[in-house]
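Trainee:
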Amino acid sequence: MSVQPLPSNSIYYFHTKYNEYQYISNLQAGSIVNLTGIVASFKDSRKSRGTDFTNSCIIFDKPLEKDLPLFNDNTGAILLRNLRINPYNINMQGISRIDTEWILFDKKEETFIKDLCFWWKSKNALAYGIVSKKRPTLIHDIVPNSFYEIIGEIVKTSPINSNGYTICLTDYTSNSLLNSYEWGMGSKWSGPYRKMTIQCSLWDSTAMFARNKLYDGEIVHVSNLLTRLNRDGILEGVVHGDKQYPDKVFITIPSKNNSYVKELIARKSLYNKKMLNDKKVLKEISKENIYQEKTTVFTSPTNINLNIVCSHQHIPITPIGDILSSLNLKPLHVARKFRIRARVIDFLPVDLEDFARPFCQDSACIPVIFFGDDAQMLLNNESIMPTNLRKDKKTLGLLRQKLSLIYGGLEEALLSGQHYNHIQTPWFELCIMEYIVHESETGKEQRRWRAFGIKLA
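Numbering (my numbering), first residue to last: 110 to 566.
(1) Let's see if you can read the secondary structure: which residues bound the beta strand (DSSP E) around G203?
(2) How far does the beta strand (DSSP E) with T267 in it reach, from first residue to last?
(3) In angstroms with no decimal places, state the Cα-to-Cα distance between N164 and D153.
(4) Between the C-alpha atoms of G238 and N270, what's the straight-line distance to the nearest angstrom?
(5) Please say whether I545 and E554 have beta carbons closer to each other than 7 Å?
(6) Rounded to whole angstroms, how far is the Cβ of T534 from the Cβ of Y516, which I believe are closer than 8 Å?
(7) Taking L508 as the reference, give the member of T551, E491, E327 with the closest Cα.
(8) Going by C-alpha to C-alpha distance, which of S364, S434, N489 sits closest to V418?
(9) CA-CA distance, A140 and R193?
(10) Could you tell me which uninterrupted beta strand (DSSP E) segments, each at least 3 residues in length, are contained entirely in the segment 132-166, listed from first to last along the chain?
(11) Mind checking who S310 pairs with in its DSSP beta bridge?
(12) What does a CB cutoff of less than 7 Å around L519 pick up in its chain, not counting 5 residues either side in sequence?
(13) T576 to S314, Cα distance in whole Å?
(14) Using CA coordinates, which residue listed in L335, L385, K265 is at the minimum distance from R320?
(15) Which value, in whole angstroms, describes the spacing of the CA atoms of V158 and C166?
(16) For I345, which residues from the same chain have a beta carbon less than 6 Å from its beta carbon, with the 5 sequence-adjacent residues on both sides left out?
(17) Report buried or exposed for P355, applying the criterion of at least 16 other Cβ atoms within 10 angstroms of its Cβ.
(18) How is E543 classed by DSSP in three states: helix, strand or coil?
(19) Please report how far the alpha carbon of L144 lies from the alpha carbon of P268, in whole angstroms.
(20) Measure the Cβ-Cβ separation of F479 and A566 and say whether it is below 7 Å.
Spelled out as structure tokens, the structure:
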């Protein structure tokens, strides 16, 4: 498709908005434009170098009337939207894109359209589009699976894809089926909070209009809005295009004197005043919660063992009771990992030379195995190596000294006959992984826990 512009050596990129049209004389290379003009000549469809077919035509508009050729009775007008302009020799060439739209008018249609324009102007009609007879509905009153008209303020916009667009609307009334946006110190949502905002997905011409014309903070009138529940049970809206009239747009900007707009602005003012007071209270609560999180230990211990360093701090702390009562939804060969805060309450036999511990059935206790590299990492001492502790008294002494950093005076207390329930040992954090083993005789599955990522300072 070739167009005849005025020559220009400069290149300036711009994108024409949906309802704006450019003169051919103003076209610049690299721009995306909308055009209307007279078709001067055209070529029949032909196969391109690839697998597609293409055709072309030359169009003129009024600013170049002196260059217009003589037209015959078949000459018509053409309207083009989203046409890319590229340089071609000394001229400009328009190339269609995936979203390029066009429509042709023959001579009879041109005459009819002109007559309609003259009639419309003679009626002194306003160019704001057709006024709907439906009354807008408050967000508070909408229910799923119905069509509505809503007047609301845009609080957020985002594209879905090349043919869709999302707007979040509020009229400062609440609906229990909407998503609840909560206020918080780290929240990216600017409001309104709670269940006051409905997400609307726009498609086709309505989406294109919204993408080019609408911005956050504008008050709009949305019609043909179909409400529905998403997979999470949240109420949302969708506006599809009209198959019979594909260019029809279902969003307009209402007058500031509209009674619904005035009521919306009044509700917004009341909301902002209330939210200003609520934020002061919420900030105080948030500060108090942050302080409690920093000062409160998960298991409320009186002393934390600073001799132990636990890695993998990104893993949340899990109570032992929750681990024991939880079901392993992962495959048997996949280990589940936890971080716990605990203290050593007992070890058997008391003789460290036979260092071992039977399984404990208490729901608040869990047997943890230190093995291989993880055990070596825990002790954090190259002098302590696998050996016969009954014969190697030096290594036994080093081991006893290291382990006492974990459980304090537990060994001496147990030797003196005290019960572990009456012995206070220091708390510490460690990471454990859960896995499944099978009994050799019965084949019954048993859960085991192995420690990792912990070492003595």
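We put the beta carbon where it would ideally sit given N, CA and C, even for glycine.
Mentor: Quick answer:
(1) 200-214
(2) Here residue 267 turns out to be Ser, not Thr, going by the sequence shown. 256-270 is the span of the beta strand (DSSP E), which, as asked, contains S267.
(3) 6 Å
(4) Residue placement at G238 is flagged as unreliable, the pLDDT there being 40, under the threshold of 50; the coordinate-derived value follows with that caveat. Answer to the nearest angstrom: the Cα atoms are 27 Å apart.
(5) yes
(6) 5 Å
(7) The residue among T551, E491, E327 with its C-alpha nearest the C-alpha of L508 is E491.
(8) N489
(9) The sequence shown places Ser at residue 140, not Ala. Going from the Cα of S140 to the Cα of R193 covers about 6 Å.
(10) 141-156
(11) BP columns for S310 point to T275, V347.
(12) Excluding positions up to five away in sequence, the list reads V453, I532, T534.
(13) Any question about residue 576 goes unanswered here, given that the chain covers just 110 to 566.
(14) Looking at L335, L385, K265, the one whose alpha-carbon comes closest to that of R320 is K265.
(15) Sequence inspection shows Arg at residue 158; the Val mentioned does not correspond to that position. If I take the Cα positions, the gap works out to 19 Å.
(16) Looking at the sequence provided, one finds Glu at residue 345 rather than Ile. Closer than 6 Å at the Cβ level, and outside the excluded window around E345, lie Q308, N339.
(17) With fewer than 16 other Cβ atoms within 10 Å, it is exposed.
(18) strand
(19) 25 Å
(20) no
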